[in-house]
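Visitor:
Number of protein chains: 2
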Amino acid sequence: MTEAREIHLVRRPKGLPVPEDFALVETTTPDAAEGEVQVEALILSVDPYMRPRLDADQPLDAPMLGGGIGRVVQSRHPTLKDGDLVRHGMGFRDRFVSDGKGLAKLTPDPDLPLTVYMHALGGTGITAYGGLLETGALKDGEQVFVSTAGGAVGSVAAQIAKIKGCHVVGSTGTEDKAAWLRDVVGLDAVINYKAEPLAEALAAATPNGIDVYFENVGGAHLDAALPRMNLHGRIPVCGMISTYNGGGEGVRNLFNMIYKRIRMEGFVSPDFAHLNSAFVADMTGWLKSGRIKYQETLLEGFERAPEGLIGLFEGRNSGKMLIHIRD
Amino acid sequence: MTEAREIHLVRRPKGLPVPEDFALVETTTPDAAEGEVQVEALILSVDPYMRPRLDADQPLDAPMLGGGIGRVVQSRHPTLKDGDLVRHGMGFRDRFVSDGKGLAKLTPDPDLPLTVYMHALGGTGITAYGGLLETGALKDGEQVFVSTAGGAVGSVAAQIAKIKGCHVVGSTGTEDKAAWLRDVVGLDAVINYKAEPLAEALAAATPNGIDVYFENVGGAHLDAALPRMNLHGRIPVCGMISTYNGGGEGVRNLFNMIYKRIRMEGFVSPDFAHLNSAFVADMTGWLKSGRIKYQETLLEGFERAPEGLIGLFEGRNSGKMLIHIRD
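Quick note, the sequences are listed as chains A and B, same order. Each step along the first sequence adds one to the number in the working numbering, with nothing skipped, and position 278 is 278. To convert, count from 1 in the second sequence and add 1000; that's the working numbering.
1. Is the CB of F1255(B) under 8 Å away from at least one CB in chain A?
2. Taking the DSSP output, what are the residues bridged to R1095(B)?
3. Whose CA, out of L1024(B), P1227(B) and V1190(B), lies closest to the CA of F1092(B)?
4. State the Cα-Cα distance for the pair E1307(B) and Y1117(B), rounded to the nearest angstrom.
5. Answer yes if the segment 185-204 of chain A comes into contact with the segment 169-176 of chain A, meaning at least three C-beta pairs across the two stretches below 8 Å, and no otherwise.
6. Roughly how many angstroms separate the alpha carbons of I235(A) and L1254(B), rounded to a whole number?
7. Going by beta carbon distance, what residues of the same chain come within less than 7 Å of G1229(B), once the five residues before and after it are set aside?
8. Given this structure, state the Cα-to-Cα distance separating H77(A) from T115(A), to the nearest angstrom.
9. Pick out the complete alpha helix (DSSP H) segments inside the segment 192-220 of chain A, 4 residues or longer, and give them in chain order.
10. Check the C-beta distance from D1154(B) over to N1216(B) and give it rounded, since I have them as a contact under 8 Å.
11. Using the three-state DSSP reduction, which class does P1019(B) fall into: helix, strand or coil?
12. Whose C-alpha, out of G66(A), P30(A), H274(A) and L60(A), is nearest the C-alpha of S45(A)?
13. How long is the line joining the alpha carbons of L1133(B) and G1123(B), rounded to whole angstroms?
14. How about G83(A) and R71(A): are their beta carbons less than 8 Å apart?
15. Near A189(A), which residues of its chain fall below 7 Å by C-beta distance, leaving aside the five closest residues on each side in sequence?
16. K1162(B) and L1138(B): beta carbons closer than 8 Å?
17. Looking at chain A, is there any beta carbon in it that lies within less than 8 Å of the beta carbon of F1145(B)?
18. According to DSSP, which residues form a beta bridge with T152(A)?
19. Look at the Cβ atom of A993(B), then the Cβ atom of A1120(B), and state whether they are nearer than 8 Å.
20. I need the boundaries of the beta strand (DSSP E) containing V46(A), first residue and last residue.
21. If the cut is a Cβ gap below 7 Å, which residues of chain B does K260(A) touch?
22. Give the interface partners of E1134(B) over in chain A, defined as CB-CB distance under 8 Å, in chain order.
23. Indicate the three-state DSSP secondary structure (helix, strand or coil) for G285(A) in the structure shown.
24. Is the segment 1320-1327 of chain B touching the segment 1023-1043 of chain B in the sense that three or more CB pairs, one from each, lie closer than 8 Å?
25. Name the chain A residues whose beta carbon is nearer than 7 Å to that of G1218(B)?
26. So, does the CB of D271(A) fall closer than 8 Å to a CB anywhere in chain B?
27. Give the secondary structure of S1350(B) by DSSP, where H, G and I count as helix, E and B as strand, and everything else as coil.
28. Do L1202(B) and A1149(B) come within 8 Å of each other at the CB atom, strictly closer than that value?
29. Taking 8 Å as the threshold (C-beta atoms), are L1054(B) and L1085(B) in contact?
30. Interface residues of chain B around P227(A) at Cβ under 7 Å?
31. Can you list, in chain order, the residues of its chain with a C-beta nearer than 7 Å to that of L1309(B)? Leave out the 5 residues immediately preceding and following it.
32. Whole angstroms is fine: what's the gap from D223(A)'s alpha carbon to G250(A)'s?
33. Going by CA-CA distance only, name the one from S242(A), L198(A) and L231(A) that's closest to G219(A).
34. Tell me, please, whether the CB atom of R1263(B) is closer than 8 Å to any CB atom in chain A?
35. Taking 8 Å as the CB-CB cut-off, is M1283(B) touching chain A?
36. Give the straight-line distance between the Cα atoms of T27(A) and R5(A), rounded to the nearest whole angstrom.
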């Protein structure tokens, strides 16, 4: 029996989540029984997809659903050994016991930091890779627009499109992120949608239209993109963050889909399991050669997970938001 | 030289078109020169797709773009003979000369009325057929929702889905059309969206969700359908009539596309040219066996074409709106 901590959802948020919607719960975890492991959390991932779940799928008074990287500290399991690293979907718990189901042993590349396995080489990365190349059916050299291009998924999607020789326009909401996208990542055009009128800026930045709009935002972003789409354009829908907290405007320009034969399609990362080995090979190479750049926002301490989630919707992250618990 | 009449657009409508946006122009048509035919109009087609064109693509002070059936009355053309029937896209003109380009010789089935070649066996029919079976990738026995199921395209789409063994729910805006869909066509459920709350009625009528939503309306209809869509549902977008006159609400439920992996895709009838022979064979059989039923609204007289177009947006048609000029 070991002391353990959990973050619970104790109240369903109205609009933007607030700290009082969550509680830190002190509890205990049993020792690993035969066939089990005990795992301590190293890193937790905080993601936009968590917001809609808070309205329904996430049970109240139970650990927040989510994923992270942990280390086996006690093993009576046939294949997982003490000290093994695992990726898991066990939620916001700093220590837990598992029979191994849902744990994936992780053998990180020694030349890459462990955190990249929570973003560029994790669910974030394969979401961008599959969404752009499979759902979006991107072809080399096309015209691409990525919303929230300064975010975790958006920044990877924008850079994959650059690697594929595309003309890439990104939108973001802060001058810091805009400068990073412009000066470090090297996008062809960057729009700070809080500082300039989005529709006009997008029209000016896409003189040859848009073949693929990698959609993370919805609302006004989608309305700005639709009239710029080219014939047979594609809109892979990764997220619609503007609508998750009950806000945002209704979308009025969908009629553009008809004559332009636009295809718009939702996806989630588990759809791309069949792409995993190609993705890992490509992305490891791109990261080691510096062709994919990234930013991370690491909050220090398990108890700060709710702050991380709330911060995500307030745009307080640069790149992937992570909670660091221990090395 | 023969007297001829044309309907011109003389002013771009603000919102719903009004009679003053159009003018009847008396003119003349030359005799057919070598290689040409002179054609007299028999039937004109009036269609929802015309509305967005009035804002831009339709030239001012020129004949309204559109299609119809005519008869060759003078021929110096190598293959078209006097008395031949042709389908054409020559617009709202009661007589015209052509070199034959864009005219398709029509050999109607003697057991079917000529008017069906302007709807169930024309562009209307192949729009429904291709949109449902190809863009919508309909599978036998699926759950289907069709908006404006009392309209020209909608009523054909709904009946093809019934022929394919599907559970079919239709929406319409008048009690007359609802009764026809319920009692004559035999849909599984019919919603009069002007008489009952759409979202609640649709939820009640689709206990097994929706696999294919054949979209003709947009706005509140799309918002009602999205939460009812099943995993990997498809939304072939044929029209968004609620938005054509600048009205309608913005769409707020698009985030449903993500987790349900919904695919939404626009199309127009020329996309389905490769389906034409299968379509003609299927549809001729379905019409002759009475499996596809239809309604027509025939306005008598060339000069009533603008009234027909305006009436379409006011829901004054039952089924396909046509202008009958002569037998």
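From the three backbone atoms N, C-alpha and C, an ideal C-beta is built for every residue, glycine too.
Guide: With the structure as the only source:
1. yes
2. E1040(B)
3. L1024(B)
4. 22 Å
5. yes
6. 12 Å
7. Reading the sequence as shown, one finds Met at residue 1229(B) and not Gly. The residues are G1209, I1210, Y1213, N1256, K1260 and I1262.
8. 26 Å
9. 198-205
10. What sits at residue 1154(B) in the sequence shown is Gly, not Asp. Between N1216(B) and G1154(B) the Cβ distance is about 5 Å, and since that is below 8 Å, they are a contact.
11. helix
12. G66(A)
13. 15 Å
14. yes
15. V169 and A205
16. no
17. no
18. According to the sequence as given, residue 152(A) is Ala; it is not Thr. DSSP, once it has assigned bridges, lists no residue as partnering A152(A).
19. Any answer about residue 993(B) is impossible in this case: the structure gives chain B only from 1001 up to 1327.
20. Unbroken run through V46(A): none, as it is neither H nor E.
21. G1266
22. Simply none; closest approach about 12 Å.
23. helix
24. yes
25. L254 and F255
26. yes
27. Limits of chain B in this structure are 1001 at one end and 1327 at the other, which puts residue 1350(B) out of reach.
28. no
29. no
30. Result: empty, since nearest Cβ-Cβ is about 12 Å, beyond 7 Å.
31. P1017, V1046 and M1050
32. 9 Å
33. S242(A)
34. yes
35. no
36. 6 Å
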